[in-house]
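In this note's numbering, the protein residues as written are 1 to 180.
Glycine included, C-beta positions come from ideal geometry on N, C-alpha and C.
Down below is the structure, laid out as structure tokens.
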């Protein structure tokens, strides 16, 4: 052994190019949070949290997803999802500064190398704009049974301010096959 800790050895393992490795690390803080949710009878919040962690982008620690996708994937009601999201946001383990964008606290769960946790979107809470790639999870619940994930980038557009319908209207155009 060369004196390195197991954590240092794991952090130095290069990630393969090409197909993404699909894994997530749940830290003690995350386990304690999930355990607390289950003890308090908040199993739906635990399921939503694990769903967000499973599908989050490994570089940003965030996921953009429509709520109907979560409802369809987990088989829960809209009211249950709203209650679960409220619980997750109040806990500080999930932040949602923009519509349908969920940023997961990297101290509880993370994908990728742990030395990249400081660059998580969750850690940029003071910034106004997001200009990084984020995994976008789609599930056209009324048309398809399975969701799909695509990379999405949020970049500030000079002279334009975001509005509530921007993401939705742009998504519908892309899904229809039209180019902007």
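- Looking at the backbone, the Cα of residue 67 and that of residue 7 are separated by about 35 Å.
- In the DSSP assignment, residue 50 falls within the unbroken alpha helix (DSSP H) covering 43-55.
- In its chain, beyond the 5 residues on either side, 74, 76 and 84 have a beta carbon closer than 8 Å to the beta carbon of residue 47.
- Excluding five sequence positions before and after residue 38, the CB atoms of its chain that fall closer than 7 Å to its own CB belong to 46, given in chain order.
- One Cα belongs to residue 58, the other to residue 92, and the distance between them is close to 19 Å.
- Taken atom to atom, the span from the alpha-carbon of residue 95 to that of residue 81 is near 15 Å.
- Beta-bridge partners of residue 101 (DSSP): 64.
- Nearest in C-alpha terms to residue 29, of all of 104, 116, 120 and 113, is 104.
- For the options 116, 25 and 101, the alpha carbon positioned closest to that of residue 110 is the one of 25.
- With a 10 Å radius around the Cβ and a threshold of 16 neighbouring Cβ atoms, residue 43 comes out exposed.
- If you draw a straight line from the Cα of residue 27 to the Cα of residue 112, it is about 13 Å long.
- In the DSSP annotation of this structure, residue 27 is not part of any alpha helix (DSSP H), being labelled neither H nor E.
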